[in-house]
Every structure is written in C-alpha cells, then in structure tokens.
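Undergrad: I have a structure I would like to understand better, so I am pasting it below and will then ask my questions one at a time.
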Amino acid sequence: MHWRDGSAADVYGWSGFFGLKNLYGDNAIFIAPEGLDKGWANTGDRDIRFMRAMISEVQQGACTDTQRVFATGFSFGGMMSNAIGCEMGDVVRAIVPMAGSLWSGCAGSSSKVAALFIHAKDDNVVPYSAGMEARDLFLKRNSCSASTVPVGSNGCVEYQGCDSGKPVIWCGTETGGHWYPNFSAQESKAFFDRFK
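All residue numbers for the sequence shown refer to the numbering used here, where the first residue is 403 and numbers rise by one.
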C-alpha cells in the first residue's frame, strides 16, 4: 500500500509493488488500493472494511489461493499493513510493513499473522521506536520469545518460539532514512514463499 500523498498508480507503476512484481512475474495477483485522502487513517475502521470488501470481490472474480493473501506497504502503507495484521488474521496470512507503525489502529482484536518488519534506525519520519512497538505487539500476540537467530543475508533476525505458522522477523537497518532498502523485495518474497 502507498505512503502518505502517494497513490495506487505509484505502487503499481514506478515502485513495481516495492520490487515484488519483477520477482513474481505472472505468478501472483497484485492489487494496489488507494486510500481516501491519499492516506490510510482508518478512521472508524473504514479502511479495514474497504480491504475486506476488496479482497472478497477479488476472490469472487478470480482464481485465488485464500491461504496466501498477504499485505505490504511503505510508511502510511506500512501502518495500514500493521492494521490489517491486527484485525484481519482471518483473511490475511502475513504482512510486511516497511517503515510503519501502529498509527492506523490496532484495537479490538487479537488477530495473529506472520510478520516481517523492515525499518531504518535513522528514519526521521516514522521513528524506529514506533516500528519496534509494532513488532513487539506481534511478538506478544504470536507468543514469541526474545531469542533470535539470523535469517537471510541482510541482517534480519527471526524470533524463536512463535506460534506455529506465525513467525516474526525484524530487519532493522543502520541507515536508509525513511525509505525501504533494496533488499526489501528479496526478503519479502522469501518470507511470503514460506506459506505454500
């Protein structure tokens, strides 16, 4: 999902779904929704209701694997990815919020999803601590321990002891500012590909 003042066309066009379209080609259905007022405030859960309706409509009109529905986004889109993870575990299997926080809401549900978080320590728009707060919420929900093991080749760590099928991975980078790193697509695809 797009960032504040971004658009569905930005995600579909120049970002290529954050690089995932090039990796998956025609082996996935990509959807780029556009938030009201160019954001994802999720006021009164309106964006969650929209996401549920959109996913339902796509599943009625296309051959989809309902066990492989994922959400990803950057900045405000990362925040909305977190909100989806918080409230739509009955529909969505895993999320990859990049430079996101819990600012789009996360109340009234105990939903569990697999989650991969990507955040730079020098992010000057969405504080690193806000990304860690989102991570910590999913660590608690998924019953993960504090111990980690390295995963991938980009400095990411996977938390141990999580509920079956609900892994949590943290990719905290030293630099990068408020952006998503070049490895985001590679790590996201490797994460999504676990759920077959």
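C-beta: ideal position from N, C-alpha, C; glycine also.
Is it the case that the Cβ atoms of S503 and V528 are separated by a distance below 8 Å?
TA: Yes; because the gap between Cβ atoms is below 8 Å, this pair is in contact.
Undergrad: Just the C-alpha distance for G599 and A587, rounded to the nearest angstrom, thanks.
TA: The first residue shown for the chain is 403 and the last is 598, placing residue 599 beyond what the model contains.
Undergrad: What three-state label does DSSP hand T550 in the structure shown?
TA: Strand, per DSSP.
Undergrad: To the nearest angstrom, how far is the alpha carbon of L422 from that of G487?
TA: Spanning the two alpha carbons is a distance of roughly 19 Å.
Undergrad: In chain order, which beta strand (DSSP E) runs of at least 3 residues are fully inside the segment 516-569?
TA: Those beta strand (DSSP E) runs which fall completely within the segment 516-569 and span 3+ residues are 516-522, 550-553 and 558-561.
Undergrad: At a cut of 8 Å, does the segment 523-540 reach the segment 561-580 through at least three beta carbon pairs?
TA: Enough Cβ pairs lie closer than 8 Å, so yes.
Undergrad: Indicate whether V570 and R537 have their beta-carbon atoms separated by less than 8 Å.
TA: The answer is yes: Cβ separation under 8 Å.
Undergrad: Between the segment 454-464 and the segment 410-425, do three or more beta carbon pairs fall short of 8 Å?
TA: The answer is no - the segment 410-425 does not touch the segment 454-464, with fewer than three Cβ pairs under 8 Å.
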